[in-house]
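*Asks:*
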Amino acid sequence: MIFGLGLDLARVARFERALARFGPRLGRRCFTAAEWEQAMARPKPAAALALRWAAKEAFVKAAGLGMGRLAFTEIEVAHAAGGRPLLRLHGAVAQWARDNGGLTAHLSLTDDGDYAAAVVVLEKP
Numbered sequence: 094m095i096f097g098l099g100l101d102l103a104r105v106a107r108f109e110r111a112l113a114r115f116g117p118r119l120g121r122r123c124f125t126a127a128e129w130e131q132a133m134a135r136p137k138p139a140a141a142l143a144l145r146w147a148a149k150e151a152f153v154k155a156a157g158l159g160m161g162r163l164a165f166t167e168i169e170v171a172h173a174a175g176g177r178p179l180l181r182l183h184g185a186v187a188q189w190a191r192d193n194g195g196l197t198a199h200l201s202l203t204d205d206g207d208y209a210a211a212v213v214v215l216e217k218p
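If you're matching positions, the sequence shown starts at 94 in this note's numbering and goes up one per residue.
(1) Output the boundary residues of the beta strand (DSSP E) element that contains E167.
(2) My understanding is that L180 touches E169, with C-beta atoms under 8 Å, so please give their C-beta distance in whole angstroms.
(3) Output yes or no for whether 8 Å exceeds the beta carbon distance between G99 and K154.
(4) In whole angstroms, give me the CA-to-CA distance for L172 and P178.
(5) Below 8 Å on the Cβ atoms is my guess for G124 versus K217; work out the distance and round it to an integer in Å.
(6) Taking 6 Å as the limit between beta carbons, can you name the residues of its chain near F115, skipping five residues before and five after?
(7) Who does D204 pair with in a DSSP beta bridge?
(8) So if DSSP puts R104 in a beta bridge, which residue, or which two residues, is it bridged to?
(9) Go through its chain and collect everything with a Cβ distance to A101's Cβ below 6 Å, but skip five positions before and after it.
(10) DSSP has A198 in a bridge; who is on the other side?
(11) Do you know how far the Cα of R107 is from the Cα of Q188?
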């Protein structure tokens with residue numbers, strides 16, 4: 094059963110500006126260490142960060158919770174062995190998913206030029 098659906102669109106230029114202004118502080122506040130390292134290793138780090146941000150925002154929307162209720166560092170974008178994107182939940186966010194019936198998060202990512210987008214479906218068993 095579908096618990097929630099979230100969609101987010103992020104502008105890459107916003108992350109180019111944030112990266113120039115805040116540098117690693119942006120990473121510590123919004124991303125896990127692994128997400129930051131992976132993004133910084135990409136040819137276009139801002140585009141990689143925009144994708145991850147869109148995924149986190151889409152998760153929050155699917156969950157039906159406000160932005161201040163979840164720590165973005167507890168929502169991690171990773172990839173399965175074949176490259177499929179997935180969300181790893183940590184800490185209070187993982188506990189919230191368990192408390193709501195053992196939710197499973199499904200993630201789809203796409204980017205094109207100036208934009209990055211993500212869709213999250215939260216499924217209840």
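Glycine residues also receive a C-beta, built at the ideal position from the N, C-alpha and C atoms.
*Replies:* Short version:
(1) No beta strand (DSSP E) holds E167; DSSP gives it neither H nor E.
(2) The C-beta separation of L180 from E169 comes to about 7 Å, placing the pair in contact by the 8 Å criterion.
(3) Yes, the pair counts as a contact, with Cβ atoms nearer than the cut-off.
(4) The question names Leu, but residue 172 is His in the sequence shown. Straight through space, the alpha carbons of P178 and H172 are spaced by roughly 4 Å.
(5) According to the sequence displayed, residue 124 carries Phe and not Gly. About 27 Å; that fails the 8 Å criterion.
(6) Contacts found: none.
(7) Bridge partners of D204: A209.
(8) Under DSSP, the beta-bridge partners assigned to R104 are Y208.
(9) Note that residue 101 corresponds to Asp in the displayed sequence, not to Ala. For D101, where only same-chain residues beyond five positions count, the Cβ hits under 6 Å are A147, E150, A151, A211.
(10) According to DSSP, which records beta bridges pairwise, A198 is partnered with L215.
(11) Roughly 31 Å between the two C-alpha positions.
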